[in-house]
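Everything on this sheet refers to the single structure shown next.
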Amino acid sequence: MGKALEGVKILDMTHVQSGPTCTQLLAWFGADVIKVERPGVGDATRGQLRDIPDVDSLYFTMLNHNKRSVTLNTKEEKGKEIFVRLIKECDVMVENFAPGALDRMGFGWERIQELNPRMIFASVKGFGPGPYAECKVYENVAQCAGGSASTTGHLGGVPLVTGAQIGDSGTGLHLALGIVTALFHRTVSGKGQRVECAMQDSVLNLCRVKLRDQQRLQHGPLEEYSQFGEGVPFGDATPRAGNDSGGGQPGRILKCKGWETDPDAYTYFITQAAVWKNICDVIGKPEWKEDPDFAKPADRLPRLNQVFGAIEDWTMTKTKFEVMAICNPLNIPVGPILSMKEIAEDESLRTTGTVVDVAHPERGNYLTVGNPIKLSDSPSDVVRSPLLGEHTDEILKGVLGMTDEEVAQAKEVGAV
Ligand code: CAO
Numbered sequence: 062m063g064k065a066l067e068g069v070k071i072l073d074m075t076h077v078q079s080g081p082t083c084t085q086l087l088a089w090f091g092a093d094v095i096k097v098e099r100p101g102v103g104d105a106t107r108g109q110l111r112d113i114p115d116v117d118s119l120y121f122t123m124l125n126h127n128k129r130s131v132t133l134n135t136k137e138e139k140g141k142e143i144f145v146r147l148i149k150e151c152d153v154m155v156e157n158f159a160p161g162a163l164d165r166m167g168f169g170w171e172r173i174q175e176l177n178p179r180m181i182f183a184s185v186k187g188f189g190p191g192p193y194a195e196c197k198v199y200e201n202v203a204q205c206a207g208g209s210a211s212t213t214g215h216l217g218g219v220p221l222v223t224g225a226q227i228g229d230s231g232t233g234l235h236l237a238l239g240i241v242t243a244l245f246h247r248t249v250s251g252k253g254q255r256v257e258c259a260m261q262d263s264v265l266n267l268c269r270v271k272l273r274d275q276q277r278l279q280h281g282p283l284e285e286y287s288q289f290g291e292g293v294p295f296g297d298a299t300p301r302a303g304n305d306s307g308g309g310q311p312g313r314i315l316k317c318k319g320w321e322t323d324p325d326a327y328t329y330f331i332t333q334a335a336v337w338k339n340i341c342d343v344i345g346k347p348e349w350k351e352d353p354d355f356a357k358p359a360d361r362l363p364r365l366n367q368v369f370g371a372i373e374d375w376t377m378t379k380t381k382f383e384v385m386a387i388c389n390p391l392n393i394p395v396g397p398i399l400s401m402k403e404i405a406e407d408e409s410l411r412t413t414g415t416v417v418d419v420a421h422p423e424r425g426n427y428l429t430v431g432n433p434i435k436l437s438d439s440p441s442d443v444v445r446s447p448l449l450g451e452h453t454d455e456i457l458k459g460v461l462g463m464t465d466e467e468v469a470q471a472k473e474v475g476a477v
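Residues 62 to 477 in the numbering used here are what the sequence shown spells out, letter by letter.
Structure follows, in structure tokens:
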């Protein structure tokens, strides 16, 4: 059986992280992703954060699997001609250039629609329409403008960005959903449409619980926040909440055995109300089960420091994996703080294809993430990223039907 998106041709004009995340996902599902790159230059990330001289960086390889690379100068006359033919051949075009770049190139939405009315044209921009629409945006700017940074970090400390690339990869995921939705709609309407994702909007979508809390603040303090029990008054905006759980079940990161020397010897521990009695038994506080100060969730909220202090006294006697082994059978939700080293070495993640070993002709073997979305009838194999222009001839001849002579001419004028 073919892959889910087999037969869908994607004209991939993306670069850096947000756009490539999206098109890699579509490629994993079987779409033919044709990555267009400037001749001799390519995606800037090929050369960024290099660990091996003159070899495509891991930054690039880990975002561009399962794609084909064609070099094309879309500002040169012959290059434009080839680009027009590619637009007519493809189902979807994806781009994340700075605002206005495609219009300057002569390929705005109106022109694309004219050339191919069935084309789905998908874009990532930093901001949606409004005062910042013209701004260039990178990951951390999106995290800051989308409400993530102001709500991440410790009370009284500076705002923090997170390691999860919610601005770039997060927006790429949103865009991929928009594209497959538009492809589905096209089966009914017969027409393409424009799909736009602003990085600010995507970050905010992922931070919605903090917008929820902003409104709850108008009706009183946020009692599940640690600062409530500590008697620290709330201001007029959702505060930073350290490692407090974002939901109604209080949780925190607690030290485990070895924390003095191992920076990741910690566990996340959630005091889920349903299993409170189990927690009391495990940590050696059976008397708290009936104590009016601790028995009910609302009783505990002003005393979270005391509660988590007692739990931490217990977790510090166990490794993070022992905590998990003891708590899971009792239905107590806990999770070890895993380092990237531990994740890279985790055999079970290799078995599921979540972490994959890939062979590359220039860099040798490297590790990458596989498709986190598993389809039963469309499994994803990870195919190494293409070298710059590796498939130029193949695409010009195979997709556009150009002759050897035409390809040679295009090369001569620097179009490809
Ligand atoms: N042939 C000819 N020219 C090409 C080309 C090709 N195949 N591919 C790109 N170019 C040109 C573009 O047309 C543009 O030219 P002009 O500036 O003359 O119009 C130029 O290359 C550079 O494009 P850019 O402005 O998008 O790139 P940049 O490095 O200056 O900015 C970024 C990078 C990411 C800040 C910007 O693209 C952006 O804001 N994108 C939208 C938001 C986004 O996706 N950000 C996340 C990036 S990942 O952190």
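Cβ coordinates follow ideal geometry from the N, Cα and C atoms, glycine included.
Rounded to whole angstroms, what's the CA-CA distance from residue i to residue j? Just pull it up for me.
i	j	result
SER211	VAL270	13 Å
ALA88	ASP152	13 Å
ASN134	THR453	12 Å
GLU373	ASP305	14 Å
GLU200	ILE227	8 Å
ARG255	GLN85	20 Å
VAL419	GLY425	8 Å
LEU124	GLY233	11 Å
GLY437	THR122	Sequence inspection shows Ser at residue 437; the Gly mentioned does not correspond to that position. Cα to Cα, the separation comes out at about 26 Å.
GLU466	VAL116	31 Å
GLY414	LEU428	11 Å
THR242	ARG172	22 Å
ASN339	PHE382	18 Å
PHE245	ILE148	19 Å
VAL155	HIS76	10 Å
SER287	TRP320	22 Å
Taking buried to mean at least 16 other C-beta atoms within 10 Å of its own C-beta, is residue i buried or exposed?
i	result
PHE182	buried
ALA476	buried
VAL102	exposed
LEU391	exposed
GLN109	exposed
ILE404	exposed
ILE113	exposed
PRO81	buried
ARG273	exposed
PRO300	buried
ARG277	exposed
ASN177	buried
Of the residues the options, which one's Cα is nearest the Cα of residue i?
i	options	result
THR412	GLN109, ALA92, GLY431	GLY431
THR223	LYS139, THR213, ARG273, PRO190	THR213
PHE482	ASN157, PRO433, VAL477, VAL293	What is shown of the chain runs 62 to 477, which leaves residue 482 out entirely.
ILE95	MET74, ASP112, ASP115	MET74
THR197	GLY187, GLY191, GLN470	Correcting the residue type first, residue 197 is Lys in the shown sequence and not Thr. Checking every option, the nearest Cα to that of LYS197 belongs to GLY187.
GLY217	PRO294, ILE173, GLU383, LEU278	PRO294
MET401	GLY425, ASP325, PHE289	ASP325
ASP262	VAL202, GLY281, LYS381	VAL202
GLU284	MET166, GLN310, CYS317, ASN157	GLN310
SER209	ASN266, ASN339, VAL249	ASN266
ASP164	GLU195, PRO178, LYS149, ARG179	GLU195
PRO422	VAL395, SER439, GLU451	GLU451
GLY140	GLY167, GLN367, VAL336	GLY167
LEU448	LYS350, LYS128, GLU291, ILE456	LYS128
ALA215	GLY308, ALA302, ASN177	In the sequence under discussion, the amino acid at residue 215 is His, which differs from the Ala named in the question. Comparing Cα-Cα distances from HIS215 to each of GLY308, ALA302, ASN177, the minimum goes to ALA302.
ALA371	LEU410, ALA359, CYS317, ILE398	CYS317
THR332	TRP320, THR378, GLN288, CYS388	CYS388
GLU67	ASP93, GLY207, GLN78	ASP93
Bridge partners for residue i per DSSP, in chain order?
i	result
HIS76	Paired residue(s): none; HIS76 is not in a bridge.
CYS258	VAL185
SER130	LYS96
PRO192	BP columns for PRO192 are empty, so no partner.
TYR327	LYS316
GLU156	MET74, SER184
PRO397	THR328
LEU221	Answer is none; LEU221 lacks a bridge partner.
From the beta carbon of residue i, is the nearest beta carbon of chain E less than 8 Å away?
i	result
TRP337	Among the chains of the structure shown, chain E does not appear; only one protein chain is present.
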